[in-house]
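Trainee:
Encoded structure:
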């Protein structure tokens, strides 16, 4: 399986993907400070700037942006391979389709997980550095805040990676459509905000759990049904 | 001779439409087998099923004597293929494509890549991306990929498509060489009779998704007949003269104005002299040897005539 995951990376247009990730990292790095100092500066109902533990909530919501990166990976690893017919090369090897799909899923999971985790670290450091100079968040981070941030970063990166699989089965393998995949991811990414705008009371953690479960169902269907819907 | 491929009632249906139906195909070890049929007959679909690209709706495939299914694809380690046209990761170089292919098959022999590239005269392409290759170069590279892991069976769908005349000749010679010197079994497809005729030992005719007939090329050669065909406006009188003055009995009226004389003891000039001396106007007279095309045309009565 490790070899298959490595081969997925080698087949990719690596420069394109790395460039894309860099753009995500740079944008999301400054987004917490931007939100705290500009967007939410005058909003009375937000208290993200009150403490580092509050700011972490905002940080998690911002990192949901990597769900969109997941859609991009689904596009590169599944949809493009179907459209360019390079998927037929994989199917012609003595490896079952289920195993091939599993390798692709693991590859996307690892890519999204690692990139989100690095993004957490980068935005954490950037926010802290800015805070030292322009007082973005009240107070200083405690050891408990740092430990909590580390744990949250790992858990949330895994959650983001799983949620990013929601469009995989329907739009990635079955319909093989790029635009619906991206729209679905944008919707997932913005779901908590939409709910807020529509004044729908939502428990964010519960929402992440539900979306994560849908992502897992999508992965299960992608592997289980690839023989029925995966022909070239 | 053992069977490399054997299919039983192989059928593929897509959205209610039957693409291939109950195909019972046998390819023997060491032979070059040609699948012949018009465009859309189902040749590619059969090849796709045999190489795991699509899953049959029903029927069974035996590859190297073992049942071949989606969950038991081990036989593919011994198969090289190009289906439809050679597909590559266009943004990668030829070498990167070949290395990835070898690693998927668990084959690690750096020298084999260089040797195979030499065999098809592909040189100086190390850093060139596949997207910059011409169709002919891609076809050659496809062949390299198909044979690099030293397979026992190579499946080639329309192998000369997109090649220039020299490329076509090279491809034919390469197939012959690999077949004769290395004993590699080939399954080829084509809709061009002349193409298959020059390469195959045995031919399977596909028409409307069905395997109409399987026949050895040597057997068809034995069935070849010569005949003289003439065109005249007065068929009845011509037949009378041929039968009574030239004592020819083996005659067939093909169309209203076309007569075939299968008794080739009489020469074209004998016939034309006699007919002219009897005031028969001959529009056309020519000696023919029945071709492979004739054979297949008769096999697939009412079907599309091949190119």
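Chains as they are written, first to last, in this note's numbering: chain X, 3 to 234; chain Z, 6 to 312.
Just so it is clear, CB atoms sit at the ideal spot from N, CA and C, and this is done for glycine as well.
All values derive from a computational prediction rather than experimental measurement.
(1) On the criterion of 16 or more Cβ atoms from any shown chain inside 10 Å, does residue 113 of chain Z qualify as buried, or is it exposed?
(2) Does residue 109 of chain Z have its Cβ less than 9 Å from a Cβ in chain X?
(3) I need the straight-line Cα distance from residue 46 of chain Z to residue 116 of chain X, nearest angstrom please.
(4) Have a look at Z:236, Z:214, Z:163 and Z:168 and flag the residue whose alpha-carbon is nearest the alpha-carbon of residue 88 of chain Z.
(5) Tell me the DSSP secondary structure of residue 312 of chain Z in three-state form.
(6) Can a CB atom of chain X be found closer than 9 Å to the CB of residue 49 of chain Z?
(7) Along chain Z, in chain order, which residues have C-beta atoms closer than 9 Å to that of residue 95 of chain X?
(8) So, is the C-beta of residue 158 of chain Z closer than 9 Å to a C-beta in chain X?
(9) At a CB-CB cut-off below 7 Å, which residues of chain X make contact with residue 63 of chain Z?
(10) To the nearest angstrom, report how far apart residue 159 of chain X and residue 62 of chain X are at their CA atoms.
(11) Quick one: is residue 312 of chain Z buried, meaning 16 or more other Cβ sit within 10 Å of its Cβ, or exposed?
(12) Applying a beta-carbon distance threshold of less than 7 Å, which residues of chain X neighbour residue 94 of chain Z?
(13) Just verifying my parser: in three-state terms, what is the DSSP assignment at residue 138 of chain Z?
(14) Would residue 5 of chain X count as contacting chain Z if we go by Cβ distances under 9 Å?
(15) Quick check: the Cα distance between residue 97 of chain Z and residue 82 of chain X, rounded to an integer number of angstroms?
(16) Show which residues of chain X have a CB atom less than 9 Å away from the CB atom of residue 86 of chain Z.
(17) May I have the straight-line CA-CA distance separating residue 174 of chain Z from residue 207 of chain Z, to the nearest angstrom?
(18) On the DSSP bridge assignment, give the partners of residue 84 of chain Z in chain order.
(19) Got a sec, what are the start and stop residues for the alpha helix (DSSP H) residue 10 of chain Z sits in?
(20) Would you call the segment 22-29 of chain Z and the segment 201-219 of chain X in contact, with 3 or more CB pairs under 8 Å?
(21) Does the Cβ of residue 193 of chain Z have 16 or more other Cβ atoms within 10 Å, making it buried, or fewer, making it exposed?
(22) Shorter than 8 Å, the distance from the beta carbon of residue 111 of chain Z to the closest heavy atom of the ligand NAD, or not?
(23) Okay, do the segment 103-110 of chain Z and the segment 44-61 of chain Z touch, 3+ Cβ pairs below 8 Å being the bar?
(24) Determine the DSSP secondary structure at residue 95 of chain X, reduced to helix, strand or coil.
(25) Please list, in chain order, all residues of the same chain as residue 148 of chain Z whose beta carbon is under 6 Å from its beta carbon, the five residues on each side excluded.
(26) May I have a chain-ordered list of the alpha helix (DSSP H) segments no shorter than 4 residues that lie completely inside the segment 138-224 of chain Z?
(27) So which residues of chain Z does residue 224 of chain X contact, with C-beta pairs closer than 7 Å?
(28) What does a CB cutoff of less than 8 Å around residue 238 of chain Z pick up in its chain, not counting 5 residues either side in sequence?
(29) Looking at C-alpha atoms only, which residue of Z:135, Z:209 and Z:243 is the closest neighbour of residue 278 of chain Z?
(30) Since residue 246 of chain Z contacts residue 273 of chain Z with CB under 8 Å, what's their CB separation in whole angstroms?
(31) So what does residue 39 of chain Z bridge to, in DSSP terms?
(32) Give the residues of chain Z in contact with residue 98 of chain X, contact being defined as C-beta atoms less than 9 Å apart.
(33) Counting pairs of Cβ atoms below 8 Å between the segment 64-71 of chain Z and the segment 6-19 of chain Z, do you hit three or more?
(34) Distance check for residue 72 of chain X and residue 167 of chain X, CA to CA, integer angstroms please.
(35) Taking 9 Å as the CB-CB limit, is residue 290 of chain Z close to chain X?
(36) Residue 128 of chain X to residue 31 of chain X, Cα distance in whole Å?
Mentor: Walking through what the data contain:
(1) Within the second chain, numbered from 1, the residue matching residue 113 of chain Z stands at position 108. Its Cβ having fewer than 16 others within 10 Å, residue 113 of chain Z is exposed.
(2) Along the second chain, one-based indexing puts residue 109 of chain Z at 104. With 9 Å as the cut-off, residue 109 of chain Z counts as an interface residue toward chain X.
(3) For the purposes of this step, residue 46 of chain Z is taken as the residue at position 41 of the second chain. For the purposes of this step, residue 116 of chain X is taken as the residue at position 114 of the first chain. When rounded, the separation of the alpha-carbon atoms in residue 46 of chain Z and residue 116 of chain X is 49 Å.
(4) Within the second chain, residue 88 of chain Z is the residue found at index 83, counting from 1. Closest option to residue 88 of chain Z, Cα to Cα, is Z:163.
(5) The sequence position of residue 312 of chain Z within the second chain is 307, counting from 1. Because residue 312 of chain Z sits at a pLDDT of 41, beneath the cut-off of 50, its placement in the model cannot be relied upon, and the following sentence gives the value as read from the coordinates. DSSP places residue 312 of chain Z in coil when its eight states are reduced to three.
(6) For the purposes of this step, residue 49 of chain Z is taken as the residue at position 44 of the second chain. Output row for residue 49 of chain Z: interface = no.
(7) Within the first chain, the letter at position 93 stands for residue 95 of chain X. What residue 95 of chain X touches in chain Z: 57, 78, 81, 82, 106, 109 and 110.
(8) Here residue 158 of chain Z refers to the residue found at position 153 when the second chain is read from its first residue. No, because no Cβ of chain X sits closer than 9 Å to the Cβ of residue 158 of chain Z.
(9) Along the second chain, one-based indexing puts residue 63 of chain Z at 58. Correct list: empty, because the minimum Cβ distance to chain X is about 14 Å.
(10) Residue numbering aside, residue 159 of chain X sits at position 157 when the first chain is read from its first letter. Residue numbering aside, residue 62 of chain X sits at position 60 when the first chain is read from its first letter. Answer to the nearest angstrom: the Cα atoms are 9 Å apart.
(11) Looking up residue 312 of chain Z in the second chain gives position 307. Because the pLDDT of residue 312 of chain Z is 41, which lies under 50, any placement of that residue in the model is unreliable, and the number read from its coordinates should be weighed accordingly. It counts as exposed.
(12) As a position in the second chain, residue 94 of chain Z is number 89, starting the count at 1. The CB of residue 94 of chain Z comes closer than 7 Å to the CB of 13 and 88 in chain X, given here in chain order.
(13) In the second chain, the residue the question calls residue 138 of chain Z occupies position 133. Looking at residue 138 of chain Z - three-state DSSP - the assignment turns out to be coil, as it is neither helix nor strand.
(14) Position 3 of the first chain holds residue 5 of chain X. Residue-level contact check: residue 5 of chain X touches chain Z, since one or more beta carbons of chain Z fall below 9 Å from its beta carbon.
(15) For the purposes of this step, residue 97 of chain Z is taken as the residue at position 92 of the second chain. For the purposes of this step, residue 82 of chain X is taken as the residue at position 80 of the first chain. Whole-angstrom Cα-Cα distance: 15 Å.
(16) Here residue 86 of chain Z corresponds to residue number 81 of the second chain, with the count starting at 1. 94, listed in chain order.
(17) If you number the second chain from 1, residue 174 of chain Z lands on position 169. If you number the second chain from 1, residue 207 of chain Z lands on position 202. Each residue's Cα considered, the two are about 20 Å apart.
(18) Start at 1 with the first residue of the second chain, and residue 84 of chain Z comes out as number 79. In DSSP, residue 84 of chain Z forms a bridge with Z:158.
(19) If you number the second chain from 1, residue 10 of chain Z lands on position 5. No alpha helix (DSSP H) holds residue 10 of chain Z; the beta strand (DSSP E) holding it covers 8-19.
(20) By the Cβ rule, the segment 22-29 of chain Z does not count as touching the segment 201-219 of chain X, because fewer than three pairs are nearer than 8 Å.
(21) Here residue 193 of chain Z corresponds to residue number 188 of the second chain, with the count starting at 1. By the beta-carbon neighbour count (other beta carbons within 10 angstroms, threshold 16), residue 193 of chain Z is buried.
(22) Inclusion of the ligand NAD in the displayed structure is not the case, the ligand content being empty and no account of it being possible.
(23) No, they do not touch.
(24) For the purposes of this step, residue 95 of chain X is taken as residue 93 along the first chain, with counting starting at 1. Coil.
(25) As a first step, residue 148 of chain Z must be located in the second chain, where it is residue number 143. Within the same chain, residue 148 of chain Z has close Cβ partners 125.
(26) If we require 4 residues or more, the alpha helix (DSSP H) runs fully inside the segment 138-224 of chain Z come out as 140-152, 170-187 and 198-204.
(27) As a position in the first chain, residue 224 of chain X is number 222, starting the count at 1. For the C-beta of residue 224 of chain X, not a single chain Z residue is nearer than 7 Å; the gap to the nearest is close to 15 Å.
(28) The count along the second chain starts at 1 and reaches residue 238 of chain Z at position 233. Short of 8 Å from the beta carbon of residue 238 of chain Z, and not among the five residues preceding or following it, lie these beta carbons of its own chain, in chain order: 262, 286 and 288.
(29) As a working mapping, residue 278 of chain Z is identified with position 273 in the second chain. Among Z:135, Z:209 and Z:243, the Cα nearest to that of residue 278 of chain Z is on Z:243.
(30) Your numbering for residue 246 of chain Z matches position 241 in the second chain. Your numbering for residue 273 of chain Z matches position 268 in the second chain. Actually they do not touch by this definition, with Cβ atoms about 15 Å apart.
(31) Locating residue 39 of chain Z in the second chain gives position 34, counting from the first residue. Note: residue 39 of chain Z is bridge-paired with Z:193 and Z:208 in the DSSP secondary-structure output.
(32) The residue given as residue 98 of chain X occupies position 96 in the first chain. Contact annotation for residue 98 of chain X against chain Z: 75, 76, 77 and 78 [CB-CB distance below 9 Å, chain order].
(33) Judged by Cβ distances under 8 Å, the segment 64-71 of chain Z makes contact with the segment 6-19 of chain Z, as three or more pairs qualify.
(34) The count along the first chain starts at 1 and reaches residue 167 of chain X at position 165. The count along the first chain starts at 1 and reaches residue 72 of chain X at position 70. Straight-line Cα distance between these residues: approximately 7 Å.
(35) Counting from 1 along the second chain, the entry for residue 290 of chain Z is found at position 285. Contacts with chain X at 9 Å (Cβ-Cβ) do not include residue 290 of chain Z.
(36) Within the first chain, residue 128 of chain X is the residue found at index 126, counting from 1. Within the first chain, residue 31 of chain X is the residue found at index 29, counting from 1. Approximately 6 Å between the Cα atoms of the pair.
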